[in-house]
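Everything on this sheet refers to the single structure shown next.
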């Protein structure tokens, strides 16, 4: 699939004098579960709000579903958004929320929604406000998926959930992805969860895109080198993203492949997504962005420090 | 999935049919039925009272007008017994009804969504946020205005004897805006003020407070300063101003020039005791006759009672225009507002 679910160029959002997001240029391809990662205040929610049309850009532009202006009727029709903290009408029973959502959209798969809620054991007559946090999240997700969207946008979907509810929630997201080809963009600061689900990573830091790329590519192009601390400073073969020192040992996250030479005394390991993300989060100056050859964005390849 | 084929031809979106308006009717009813039930309960309770009091009043009035001889003390007593403070208290209390409806129905429509964060759910549905806002506001506005209009018909019936016996005048401030189309107009305006206040303030309780304050200021300003200028007042120098006229102002002239009240007082000081009485009461017929005989003219500017309906249409008209404007601004803000 060569369509971009979300595409931004020079996108910026200013609140008062503060830029919540700036010079954001990226393309989120279809057919992926894209994780939007970053510390609090990095601009994750701002980026998602811009993509679903809740906020207007202060600079640049954002399109969705292959070129539709964000927030346009055609865009809203194909995107389902579950906002942070699952805002639902707490005084309405689940059945009424189903009916409400059906009336607010052109498409709504009622039988799917009812079957899902039955599977989850959520009583249709119970008010949303009296469901557990996990059930509320599931209800919000069910309402979103029953709209049969092409893009599902989730803002911090699992932050409030316990590990079991978190697992169940993500399982449904992945099922929808596998069964219906829904593309998913989710923001989270629960890194461990992403390892399992995400195959595309975007790392935001201080309102800017720091890392963007397919998880597979990112993992293949980074290695973790472990060796004597004294040798860490002399390493210059490949760009270093982050150095972590522990006693006499140093752990270097470097942009290198498995076949790149390893300095004497060092061992080369593959890196995990959580480790990779953490390293970049600790080095806001470093960046790994897709090069001109890979996408529509003219961004320099490699590491800058 | 169909994603690719649809995306390859985005021009097909031009034919994308929006969510039908009628679906919003269910949404509006489901989300605001308690507010609407509250309006129905409030107006219903008042209507029952007016109905019962009205039956009693109309009966008493019929008995009093059938009383003969008309000018006998007994008959006059019967008539004056009908006119009690209760009716005036009711009229004053009813002034608050449009404000309450506006504040408690109109205020929360958007403020509650913004306060609880549910706007992030509502505004990202396929219907689109401005259609959502427009449908809700128009449906609720029509509902509350219709309920208020029906109620004011009942009030007009209830109040009829007081106007018929000349105790109250139709253009008087506390009666005028409860009858005709004005009551519905004020209710509509209060609702629109509430909706806009909710959008601007984004919190329910402050929005309700602001709505009550703005509404009170507006209706006071209209009653005190604006309404008398709807049409040019009539002017008469006759001491007999037409019955039930709404008197705007009165003054004296002599030889075409205005005369201040202090001059009039001086003239009355020198008047014979039997005319002026002790201290002089300028409005008594004897005094007026005396001053007219001495070349003074008593002018009255007034709005005749026959202008009731023109005034109603003028007030109803601009209230409707104001409400349309406020709702349009609110919908525009919904469309524009950044999250």
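Chains as they are written, first to last, in this note's numbering: chain A, 183 to 487; chain B, 1409 to 1747. Just so you know, even glycine gets a beta-carbon here, dropped at the ideal spot from N, CA and C.
For residue j and residue i, the rounded distance between their alpha carbons
{"i": "residue 1555 of chain B", "j": "residue 191 of chain A", "result": "52 Å"}
{"i": "residue 1559 of chain B", "j": "residue 1552 of chain B", "result": "10 Å"}
{"i": "residue 288 of chain A", "j": "residue 1535 of chain B", "result": "8 Å"}
{"i": "residue 1576 of chain B", "j": "residue 1652 of chain B", "result": "8 Å"}
{"i": "residue 455 of chain A", "j": "residue 293 of chain A", "result": "37 Å"}
{"i": "residue 1705 of chain B", "j": "residue 1678 of chain B", "result": "18 Å"}
{"i": "residue 214 of chain A", "j": "residue 435 of chain A", "result": "26 Å"}
{"i": "residue 379 of chain A", "j": "residue 364 of chain A", "result": "14 Å"}
{"i": "residue 359 of chain A", "j": "residue 201 of chain A", "result": "33 Å"}
{"i": "residue 1689 of chain B", "j": "residue 1676 of chain B", "result": "Confidence at residue 1689 of chain B is low in this model, with a pLDDT of 49, below 50, so its placement is unreliable and no value can be given for it."}
{"i": "residue 324 of chain A", "j": "residue 194 of chain A", "result": "32 Å"}
{"i": "residue 480 of chain A", "j": "residue 1608 of chain B", "result": "Confidence in residue 480 of chain A is poor, its pLDDT being 37 and thus under 50, which makes the residue's placement unreliable; the coordinate value appears in the next sentence. Roughly 41 Å between the two C-alpha positions."}
{"i": "residue 1709 of chain B", "j": "residue 1743 of chain B", "result": "49 Å"}
{"i": "residue 239 of chain A", "j": "residue 232 of chain A", "result": "7 Å"}
{"i": "residue 308 of chain A", "j": "residue 1604 of chain B", "result": "33 Å"}
{"i": "residue 1641 of chain B", "j": "residue 1717 of chain B", "result": "15 Å"}
{"i": "residue 402 of chain A", "j": "residue 1520 of chain B", "result": "49 Å"}
{"i": "residue 1687 of chain B", "j": "residue 1712 of chain B", "result": "Only weak support exists for where residue 1687 of chain B lies, its pLDDT of 49 falling under 50; the value from the coordinates is given anyway. Rounded to the nearest angstrom, the two C-alpha atoms are 32 Å apart."}
{"i": "residue 1544 of chain B", "j": "residue 1433 of chain B", "result": "8 Å"}
{"i": "residue 439 of chain A", "j": "residue 463 of chain A", "result": "21 Å"}
{"i": "residue 1731 of chain B", "j": "residue 1596 of chain B", "result": "6 Å"}
{"i": "residue 477 of chain A", "j": "residue 422 of chain A", "result": "Residue confidence is low: residue 477 of chain A scores 36 on pLDDT, short of 50, so the model does not pin down where it sits. Its coordinate-derived value is still stated next. Taking the straight line from one Cα to the other gives about 24 Å."}
{"i": "residue 425 of chain A", "j": "residue 465 of chain A", "result": "9 Å"}
{"i": "residue 1750 of chain B", "j": "residue 1451 of chain B", "result": "Here chain B has residues from 1409 to 1747 only, and residue 1750 of chain B is not among them."}
{"i": "residue 1468 of chain B", "j": "residue 1668 of chain B", "result": "45 Å"}
{"i": "residue 445 of chain A", "j": "residue 216 of chain A", "result": "34 Å"}
{"i": "residue 262 of chain A", "j": "residue 1444 of chain B", "result": "31 Å"}
{"i": "residue 1482 of chain B", "j": "residue 1507 of chain B", "result": "42 Å"}
{"i": "residue 1429 of chain B", "j": "residue 437 of chain A", "result": "55 Å"}
Whether residue i touches residue j by CB criterion (8 Å)
{"i": "residue 407 of chain A", "j": "residue 351 of chain A", "result": "no"}
{"i": "residue 234 of chain A", "j": "residue 1532 of chain B", "result": "yes"}
{"i": "residue 225 of chain A", "j": "residue 203 of chain A", "result": "yes"}
{"i": "residue 367 of chain A", "j": "residue 333 of chain A", "result": "yes"}
{"i": "residue 1598 of chain B", "j": "residue 1723 of chain B", "result": "no"}
{"i": "residue 443 of chain A", "j": "residue 419 of chain A", "result": "yes"}
{"i": "residue 383 of chain A", "j": "residue 392 of chain A", "result": "no"}
{"i": "residue 1739 of chain B", "j": "residue 1541 of chain B", "result": "yes"}
{"i": "residue 1518 of chain B", "j": "residue 1606 of chain B", "result": "yes"}
{"i": "residue 394 of chain A", "j": "residue 372 of chain A", "result": "no"}
{"i": "residue 1504 of chain B", "j": "residue 1582 of chain B", "result": "no"}
{"i": "residue 335 of chain A", "j": "residue 230 of chain A", "result": "yes"}
{"i": "residue 1656 of chain B", "j": "residue 1623 of chain B", "result": "no"}
{"i": "residue 1511 of chain B", "j": "residue 1616 of chain B", "result": "yes"}
{"i": "residue 147 of chain A", "j": "residue 327 of chain A", "result": "This structure does not reach residue 147 of chain A, given that chain A is present from 183 up to 487, and the question cannot be answered."}
{"i": "residue 450 of chain A", "j": "residue 219 of chain A", "result": "no"}
Chain-ordered chain A contacts of residue i [CB-CB under 7 Å]
{"i": "residue 1529 of chain B", "result": "265, 269, 270"}
{"i": "residue 1426 of chain B", "result": "255"}
{"i": "residue 1611 of chain B", "result": "Chain A residues near residue 1611 of chain B: none, gap ~16 Å exceeds 7 Å."}
{"i": "residue 1524 of chain B", "result": "269"}
For residue i, three-class secondary structure by DSSP
{"i": "residue 1688 of chain B", "result": "Residue placement at residue 1688 of chain B cannot be trusted, given a pLDDT of 45 that sits under 50; what the coordinates show is reported in the next sentence. Looking at residue 1688 of chain B - three-state DSSP - the assignment turns out to be coil, as it is neither helix nor strand."}
{"i": "residue 1599 of chain B", "result": "helix"}
{"i": "residue 1475 of chain B", "result": "coil"}
{"i": "residue 1638 of chain B", "result": "coil"}
{"i": "residue 187 of chain A", "result": "strand"}
{"i": "residue 1524 of chain B", "result": "helix"}
{"i": "residue 336 of chain A", "result": "strand"}
{"i": "residue 1722 of chain B", "result": "helix"}
{"i": "residue 1466 of chain B", "result": "helix"}
{"i": "residue 510 of chain A", "result": "Not covered by the structure: residue 510 of chain A. The range shown for chain A is 183 to 487."}
{"i": "residue 1701 of chain B", "result": "helix"}
{"i": "residue 432 of chain A", "result": "strand"}
{"i": "residue 1567 of chain B", "result": "helix"}
{"i": "residue 1587 of chain B", "result": "coil"}
Per-residue contacts from residue i into chain B (C-beta, under 8 Å)
{"i": "residue 222 of chain A", "result": "Residues of chain B passing the Cβ test: none, with the nearest at roughly 17 Å."}
{"i": "residue 278 of chain A", "result": "1438"}
Within chain B, the residues that residue i reaches when beta carbons sit closer than 7 Å
{"i": "residue 282 of chain A", "result": "1435, 1438"}
{"i": "residue 259 of chain A", "result": "1424, 1534"}
{"i": "residue 334 of chain A", "result": "Neighbours of residue 334 of chain A on chain B: none; closest Cβ ~12 Å, over 7 Å."}
{"i": "residue 234 of chain A", "result": "1532"}
Partners in chain A for residue i, counting only beta-carbon separations shorter than 8 Å
{"i": "residue 1473 of chain B", "result": "In chain order: nothing, as chain A lies at least about 54 Å away."}
Hey, which unbroken runs of the beta strand (DSSP E) at 3 residues or more fall wholly within the region 393-464 of chain A?
405-410, 422-428, 431-436, 449-452
Enumerated in chain order, which unbroken segments of the alpha helix (DSSP H) with a length of 4 residues or greater are wholly contained in the region 271-318 of chain A?
Runs found: 276-285, 292-302.
Return the chain-ordered ranges of every alpha helix (DSSP H) run that is complete within the region 205-284 of chain A and spans a minimum of 4 residues.
226-234, 255-260
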